[in-house]
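Asks: Okay, here's the structure, questions in a sec.
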Amino acid sequence: MNRFSYARPGSVADALREVASSPAAKIIAGGTNLVDLMKYNVERPTHLVDVSRLPGLKSIEETGEGGLRIGALVSNTSAAYDTRVQERYPLLSSAILAGATAQLRNAATTGGNLLQRTRCYYFYDAAVPCSKREPGTGCPAKDGVNRIHAILGTSDKCIATHPSDMAVALAALEAVVKVAGPRGERDIPLADFHRLPGDTPEKDTNLGADEIILAVELPEARFAKNYTYLKLRDRLSYAFALVSVAAALEMDGDKVVEARIALGGVAHKPWRVPEAEVMLRGKAPDRMVFETVADRILLGAKGYGGNDFKIELARRAVIRALSQAAAGTPQSQTDKRIQ
Amino acid sequence: MADLEFLARQGFAPDAGPPKGLPDEIPITLTINGERRALHVRPWTTLLDLLREDLSLYGTKKGCDHGQCGACTVLLDGERINSCLALAVTKDGSELTTVEGLAGKDGTLHPMQEAFIEHDAFQCGYCTPGQICSAVGLLKEGHAKTREEIREMMSGNLCRCGAYTNIVDAIEDVLAKGAAK
Ligand SMILES: Cc1cc2nc3c(=O)[nH]c(=O)nc-3n(C[C@H](O)[C@H](O)[C@H](O)COP(=O)(O)OP(=O)(O)OC[C@H]3O[C@@H](n4cnc5c(N)ncnc54)[C@H](O)[C@@H]3O)c2cc1C
Ligand code: SF4
Ligand code: FES
Ligand code: FES
């Protein structure tokens, strides 16, 4: 790990000043991703800004518009077990509990989870080239070991995935990220928060280097009954998703009124295809319809050898997730048998 | 000549020291196993290295040093965390319990320690301090009731010897006794 100075600002304004004080300053919250990457010399901050005690960012509150505001420093554990989250946004609770472990969720924060970096093996290995780590050096994953890599929205420059489970549920729930910066506060809809790699794979998100996440806001709850978070991985727990699906349906009798489907483990950001979701409107849940929807979502999917299997896996996962959601039988995050 | 740039990327960076004009060590206080301690830490020292290297508390183990095994699990303000991924300086003012702090002052073992012995819940013992601290954290959380839930909620603690069955037995036993009280 490189050497760095440390500051623990007492207010958001002070934190913003600390962040602006050095181009290589970095924010630390739970530290579960940043410290790991610092040990590999992937991140080498010269100044660490500890936001973990900033006042006012550790609570979950009603928004006044029927939604919930989850502070950036709320731990993944606290968010997952909050009774309002469990009752109104069980999809979010389920996705968080599908990720990492009890120890990691206790330390991990809402803001840090959104900003965790890819688990691409080459990104983690400072001895090899990687355009995300060192812009312009190339992407060895494309022709290398790419079992965990993306099948949608890739570019010539990078085929990494975003590893968060929480972000996939937040994408389906159309959450909004509240941020503060030197020019004031602004809202970033979750769909616009993470980026596709394009020509700038070093940029994971549209958050400015001088900005801080304050909270994540959920709109009024609509999908508390018909939802599921289905996560498929190499072992039953303590593993990142190969493919995951957050499915949420609003039903009127046996007809779908509104559908939301977000995929994890397949792209540089949670993957949503609104055109596919619309195809479910007014339809009764039916396997044939689910198949067409899955095909639409995976339109243009491309494998790189090691991850070819993900295309069919994702297709089947979407179909299964939609049947689970329609039946009101969400995937258990304890009993891993898939019904 | 050695390629310094290459070595730096490998992690063998020559220690340039902290940026000029900043203190090398930062004063913090931690209450460790009931004892309040005033310490001076370098900002890059993890809680795990502080315990083992500076305070000679060797009970907490280093397995992977990357959050992937659970051997370093400790209780921070009562909650289980991986001490290898926590910078000590960020935990200033906290209360820390390690495996050394679970037994009573008179040496009476914690019920979880008793249960691990009774159920033969270890072989080499390397993962055991982490398993026990994690299990004590699990008890306090109160989310795991069934065997299946114990397994899921203990998934953050790997055991290369594969003592899992007996570990779950031990925790189930403590949970059942707690419920009978
Ligand atoms: C072994 C292992 C397994 C894991 N498995 C999973 C899994 O299955 N699913 C999953 O989703 N996750 C998994 N994780 C990742 C874990 O969820 C993240 O490490 C965690 O959520 C990061 O949160 P943090 O608060 O610790 O972030 P930190 O490490 O503190 O920070 C992460 C990044 O966010 C930035 N940051 C943090 N807070 C703010 C803020 N408020 N404003 C601006 N920037 C900020 C930091 O600068 C840093 O770049 C796993 C991690 C490990 C180590
Ligand atoms: S996929 Fe992206 S992160 Fe991985 S090696 Fe290629 S450029 Fe780097
Ligand atoms: S040493 Fe901390 S999790 Fe392995
Ligand atoms: S007892 Fe040997 S690793 Fe668990």
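Line by line, the protein sequences are chains A and H. Numbers -6 to 332, taken from the numbering used here, label the letters of the first sequence in order. Numbers 100 to 280, taken from the numbering used here, label the letters of the second sequence in order. C-beta: ideal position from N, C-alpha, C; glycine also. From a predicted model like this one, the values you see are computed outputs, not experimental measurements.
So, for LEU186(H): in the same chain, excluding its five sequence neighbours on each side, which residues have a beta-carbon less than 8 Å away from its beta-carbon?
Replies: Position 87 of the second sequence, counted from the start, is the residue given in the question as residue 186(H). Result list for LEU186(H): PRO142, TRP143, THR144, THR145, LEU146, in chain order.
Asks: Closer than 7 Å by C-beta to ARG313(A): which residues in its own chain qualify, once you throw out the five before and the five after it? Chain order, please.
Replies: Taking the first residue of the first sequence as 1, we reach residue 313(A) at position 320. Counting only Cβ-Cβ distances below 7 Å, and skipping sequence neighbours, we find LEU223, ILE331.
Asks: Mind checking whether ALA95(A) and SER86(A) have CB atoms under 9 Å apart?
Replies: Translated into the one-based positions of the first sequence, residue 95(A) becomes position 102. Translated into the one-based positions of the first sequence, residue 86(A) becomes position 93. Judged by beta-carbon spacing, SER86(A) lies beyond the 9 Å limit of ALA95(A), meaning their Cβ atoms are not closer than that value.
Asks: Give every residue of the same chain whose Cβ lies closer than 6 Å to the Cβ of ALA234(H), excluding the five residues on either side of it in the sequence, and list them in chain order.
Replies: As a working note, residue 234(H) is residue 135 in the second sequence. If we look at ALA234(H) and ignore the five residues flanking it on each side, its Cβ neighbours are MET211, ILE270.
Asks: With a CB to CB cut of under 8 Å and the five nearest residues on each side skipped, what residues in its chain are close to LEU200(A)?
Replies: In the first sequence, the residue the question calls residue 200(A) occupies position 207. Excluding sequence neighbours, LEU200(A) sits near LEU108, VAL170, VAL172, ILE181, PHE186, ILE206.
Asks: Nearest CA to the CA of ASP197(A): which residue from MET159(A), ARG126(A), ALA120(A)?
Replies: Taking the first sequence and counting its residues from 1, one reaches residue 197(A) at position 204. Out of MET159(A), ARG126(A), ALA120(A), ARG126(A) has the C-alpha closest to the C-alpha of ASP197(A).
Asks: Between LEU50(A), GLY298(A), ALA88(A), THR193(A), which has its C-alpha nearest TYR220(A)'s C-alpha?
Replies: Against the first sequence, residue 220(A) aligns to sequence position 227. The shortest Cα separation from TYR220(A) among LEU50(A), GLY298(A), ALA88(A), THR193(A) belongs to ALA88(A).
Asks: Measure how close the beta-carbons of THR56(A) and PHE(-3)(A) come, nearest whole angstrom, since I'm counting them as under 8 Å.
Replies: Taking the first sequence and counting its residues from 1, one reaches residue 56(A) at position 63. Taking the first sequence and counting its residues from 1, one reaches residue -3(A) at position 4. Contact annotation, THR56(A) with PHE(-3)(A): C-beta distance approximately 37 Å; criterion of less than 8 Å not satisfied.
Asks: Chain H partners of ARG10(A), CB-CB under 7 Å?
Replies: Numbered from its first residue, the first sequence carries residue 10(A) at position 17. Residues of chain H with a Cβ closer than 7 Å to the Cβ of ARG10(A) do not exist, since the nearest Cβ in that chain sits about 16 Å away.
Asks: Where does ASN300(A) sit, in a helix, a strand or coil, going by DSSP?
Replies: To locate residue 300(A), count along the first sequence from 1; it is residue 307. Residue state for ASN300(A) is assigned as coil, using DSSP reduced to three classes.
Asks: Would a check of beta-carbon distances place ILE336(A) closer than 9 Å to chain H?
Replies: One cannot answer for residue 336(A) here, as it falls past the ends of chain A, which runs -6 to 332.
Asks: Can we say the region 201 to 216 of chain H touches the region 254 to 272 of chain H, given the rule of at least three CB pairs closer than 8 Å?
Replies: yes
Asks: Thinking PRO263(A) and HIS142(A) are a contact (beta carbons under 8 Å), I'd like their distance in whole angstroms, please.
Replies: Translated into the one-based positions of the first sequence, residue 263(A) becomes position 270. Translated into the one-based positions of the first sequence, residue 142(A) becomes position 149. Contact doesn't hold; Cβ gap of about 16 Å is too wide.
Asks: If I follow the unbroken alpha helix (DSSP H) through LYS295(A), where does it start and stop?
Replies: For the purposes of this step, residue 295(A) is identified with residue 302 of the first sequence, where counting begins at 1. Careful: LYS295(A) lies outside any alpha helix (DSSP H) and carries neither H nor E.
Asks: Please give me, in chain order, every unbroken run of the alpha helix (DSSP H) with length at least 4 that falls completely inside the region 111 to 195 of chain H.
Replies: Listed in chain order, nothing qualifies, since the region 111 to 195 of chain H has no complete alpha helix (DSSP H) run of 4 or more residues.
Asks: Could you work out which residues of chain A lie near ASP164(H), taking near to mean beta carbons separated by less than 7 Å?
Replies: Numbered from 1 along the second sequence, position 65 holds the residue referred to as residue 164(H). Per Cβ cutoff of 7 Å: LYS32.
Asks: Does ligand 2 have a heavy atom nearer than 8 Å to the CB of LYS125(A)?
Replies: One-based indexing of the first sequence puts residue 125(A) at position 132. Correct: LYS125(A) has its Cβ closer than 8 Å to ligand 2.
Asks: Rounded to the nearest angstrom, what separates VAL5(A) and LEU47(A) at their Cα positions?
Replies: For this step, residue 5(A) is matched to residue 12 along the first sequence. For this step, residue 47(A) is matched to residue 54 along the first sequence. Distance between the alpha carbons of VAL5(A) and LEU47(A) is about 7 Å.
Asks: With a threshold of 8 Å (Cβ to nearest heavy atom), would ARG259(H) be considered close to ligand 4?
Replies: Residue numbering aside, residue 259(H) sits at position 160 when the second sequence is read from its first letter. Indeed, a heavy atom of ligand 4 lies less than 8 Å from the Cβ.
Asks: Would ALA257(A) and VAL236(A) qualify as a contact pair, given that the criterion is a beta-carbon distance under 9 Å?
Replies: Taking the first sequence and counting its residues from 1, the one referred to as residue 257(A) is at position 264. Taking the first sequence and counting its residues from 1, the one referred to as residue 236(A) is at position 243. Here the sequence assigns Gly to residue 257(A), which means Ala is not the residue at that position. Closer than 9 Å, so yes.
Asks: Examine chain H for any beta-carbon lying closer than 9 Å to the beta-carbon of MET159(A), and answer yes or no.
Replies: Against the first sequence, residue 159(A) aligns to sequence position 166. For MET159(A), the answer is no, since every Cβ of chain H falls outside 9 Å of its Cβ.
Asks: Identify which residue in PHE221(H), ASN132(H), GLU248(H), CYS223(H) has its Cα closest to the Cα of GLY177(H).
Replies: Here residue 177(H) is taken as the residue at index 78 of the second sequence, counted from 1. If we check each option's Cα against that of GLY177(H), ASN132(H) comes out closest.
Asks: Does the beta-carbon of GLY60(A), which I'm using as the reference point, lie nearer than 8 Å to any heavy atom of ligand 4?
Replies: As a first step, residue 60(A) must be located in the first sequence, where it is residue number 67. Incorrect: GLY60(A) has no Cβ contact closer than 8 Å to ligand 4.
Asks: If you measure between the beta carbons of LEU174(H) and LEU154(H), is that distance less than 9 Å?
Replies: Your numbering for residue 174(H) matches position 75 in the second sequence. Your numbering for residue 154(H) matches position 55 in the second sequence. No. Outside cutoff.
Asks: Could you pull the start and end residues of the alpha helix (DSSP H) that ARG250(H) belongs to?
Replies: Counting from one through the second sequence, the residue named residue 250(H) turns up at place 151. Taken as a continuous stretch (DSSP letters only), the alpha helix (DSSP H) holding ARG250(H) covers 246 to 252.
Asks: What is the DSSP secondary structure of LEU30(A), counted as helix, strand or coil?
Replies: Your numbering for residue 30(A) matches position 37 in the first sequence. Looking at LEU30(A) - three-state DSSP - the assignment turns out to be helix.
Asks: Grouping DSSP H, G and I as helix and E and B as strand, with all else coil, what is ALA65(A)?
Replies: By one-based count along the first sequence, residue 65(A) stands at place 72. In this structure, ALA65(A) counts as coil in the three-state DSSP scheme.
Asks: Heavy atom of ligand 3 less than 8 Å from the Cβ of ALA170(H), yes or no?
Replies: Counting from one through the second sequence, the residue named residue 170(H) turns up at place 71. Yes, the Cβ of ALA170(H) comes within 8 Å of a heavy atom of ligand 3.
Asks: Can you find at least 3 beta carbon pairs, one from the region 239 to 259 of chain A and one from the region 96 to 115 of chain A, that sit closer than 8 Å?
Replies: no
Asks: For GLY321(A), which residues in the same chain have their Cβ closer than 7 Å to its Cβ, ignoring the five residues on either side in sequence?
Replies: Counted from its first residue, the first sequence places residue 321(A) at position 328. Around GLY321(A): LYS218, ASN219.
Asks: For ARG98(A), is the classification buried or exposed, using 16 other Cβ atoms within 10 angstroms of its Cβ as the cut-off for buried?
Replies: Here residue 98(A) refers to the residue found at position 105 when the first sequence is read from its first residue. ARG98(A) is buried by the Cβ-count criterion.
Asks: Where does LYS239(H) fall in DSSP's three states?
Replies: Position 140 of the second sequence, counted from the first residue, corresponds to residue 239(H). DSSP, reduced to helix, strand and coil, places LYS239(H) within a helical segment of the structure shown.
Asks: Going along chain A in order, which residues have a C-beta closer than 7 Å to the C-beta of ARG82(H)?
Replies: Residue 82(H) is absent from the model: chain H starts at 100 and stops at 280.
Asks: Are the C-beta of TYR(-1)(A) and some C-beta of chain H separated by less than 9 Å?
Replies: Counting from one through the first sequence, the residue named residue -1(A) turns up at place 6. Yes - at least one Cβ of chain H is within 9 Å of the one on TYR(-1)(A).
Asks: With 16 as the cutoff for other CB atoms within 10 Å, does ILE53(A) come out buried or exposed?
Replies: For the purposes of this step, residue 53(A) is taken as residue 60 along the first sequence, with counting starting at 1. When all chains shown are included, ILE53(A) counts as buried.
Asks: Are any of the Cβ atoms in chain A nearer than 9 Å to that of ASP114(H)?
Replies: Taking the second sequence and counting its residues from 1, the one referred to as residue 114(H) is at position 15. With a pLDDT of 47 at ASP114(H), under the threshold of 50, the modelled position of this residue cannot be trusted; read the value that follows with caution. Closer than 9 Å: yes.
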